[in-house]
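Accompanying notes for the structure given below.
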Amino acid sequence: MRGYVKKKPPGRQTIAYGMAAVLAFALLYLATFRGRAEEVQQRQVQMVAFGDSVFTDIGEMTAIPDRLSGLLDMSVYNAAMGGTCAARLETERRLDYAKGSMSLVGLTRAIRAKDFDVQQTARIQDSNTERFPETVEGLSQVDFSRVETVLIQQGVNDYHAGTPIENPEDPYDEYTYLGALRSAVKDLRRTNPEIRIVLVTPTYTWYLQTDQTCEEADNGGGRLEEYVEAELALARELGVETVDLYHDFFSHEEWEDWALYTMDGIHPNETGRDKIAQRIAQILESEKD
207 MRGYVKKKPP GRQTIAYGMA AVLAFALLYL ATFRGRAEEV QQRQVQMVAF GDSVFTDIGE
267 MTAIPDRLSG LLDMSVYNAA MGGTCAARLE TERRLDYAKG SMSLVGLTRA IRAKDFDVQQ
327 TARIQDSNTE RFPETVEGLS QVDFSRVETV LIQQGVNDYH AGTPIENPED PYDEYTYLGA
387 LRSAVKDLRR TNPEIRIVLV TPTYTWYLQT DQTCEEADNG GGRLEEYVEA ELALARELGV
447 ETVDLYHDFF SHEEWEDWAL YTMDGIHPNE TGRDKIAQRI AQILESEKD
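Everything in the sequence shown is counted per the numbering used here, starting at 207 for the first residue and increasing by one.
Pasting the structure below:
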């Protein structure tokens, strides 16, 4: 039979090691928490800009929202992602569809719910989407209760996709252009009732491969001007501001005018970007006064 062996109480050295471990864990936790707090603090911005590739930085050209930051002396978070639409496009109407979650209405729903899980786990293989995760991660950290202004520059991709402009039976149908805009404005206002919302219309566009302009091309939902007119009417309905970049903005008397302000008939060049930024800044400042 084995004898009973009395265990020795922990010595001072053991206790000291234990206390040191607890202290180290506490310091690590505080450092992590403080770092997270500082990271969130960096996302307290005055303006958030939603949009498509017109608002992104192509090549060496500065993005339009970044130009606005300098013109208006405001902190701006650029949430624009090339190729995205205001509306959801998937035919199966699945709210967890990866590309649809990156639409304007998908993003504003995530903002309202404070849940970006669908966007953060999305795996999109399309070209020019490499920066989507970074953009979404930054957007998820923005404190929208302190955002003063939101710009919404969407529409040309909805037009390209032939998205229906409206569903007469459901004004909040997220698979239509106006339904998506209505839903987005509603979600933003529920998140921050004092937020200033400004709709920025598409510009005039040329299609070099088909020798057509937006006055001629109809992709199934109507011509671009029909989308613009519907957007302007919706803004009056919702009581939000607009920046009309379509009417009397880009010269288009001659076909060759596409090269004055655009790189390819759609995306603005340096001159076009400056012109757009100046117009938006002018409207924001005049309405503010």
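Note that beta-carbon positions come from the ideal geometry of N, C-alpha and C, so glycine has one too.
Closest by C-alpha distance to A274, when choosing among A255, H458, Y381, E460: Note on residue identity: the sequence assigns Leu, not Ala, to residue 274. Cα-wise, what sits closest to L274 is A255.
Please tell me whether L405 has its Cβ less than 8 Å away from any Cβ of chain D. Of the chains in the structure shown, none is chain D; there is only one protein chain.
Give me the Cα-Cα distance between L490 and V342, rounded to the nearest whole angstrom. 26 Å
Report yes or no: do the stretch 303–315 and the stretch 260–276 share at least 3 C-beta pairs separated by less than 8 Å? no
Residues near E282 by beta carbon distance below 8 Å, same chain, minus five either side: Sequence check: residue 282 is Val here, not Glu. Closer than 8 Å at Cβ, skipping near neighbours: V251, Q252, M253, V254, A255, P271, D272, L274, S275.
May I have the straight-line CA-CA distance separating L414 from M267, to the nearest angstrom? 22 Å
Taking the continuous alpha helix (DSSP H) assigned at R337, which residues delimit it? Taken as a continuous stretch (DSSP letters only), R337 belongs to no alpha helix (DSSP H), as it is neither H nor E.
Taking DSSP's pairing of strands, which residues face A292 in a bridge? None, per the DSSP bridge assignment.
Helix, strand or coil at R329 [DSSP, three-state]: coil
Residue range of the alpha helix (DSSP H) that includes N363: 362–367
Count Cβ pairs between the stretch 424–441 and the stretch 399–413 that sit closer than 8 Å; are there 3 or more? yes
Measuring alpha carbon to alpha carbon, tell me which of L313, A319, V362 ends up nearest F261. V362
Should D364 and A286 be called a contact, given that it needs their Cβ atoms to be closer than 8 Å? no
Within 10 angstroms of the Cβ of N425, are there 16 or more other Cβ atoms? Answer buried if so, exposed if not. exposed
Close Cβ partners of N398 (< 6 Å) along its chain, the five nearest in sequence each way excluded: F350, S351
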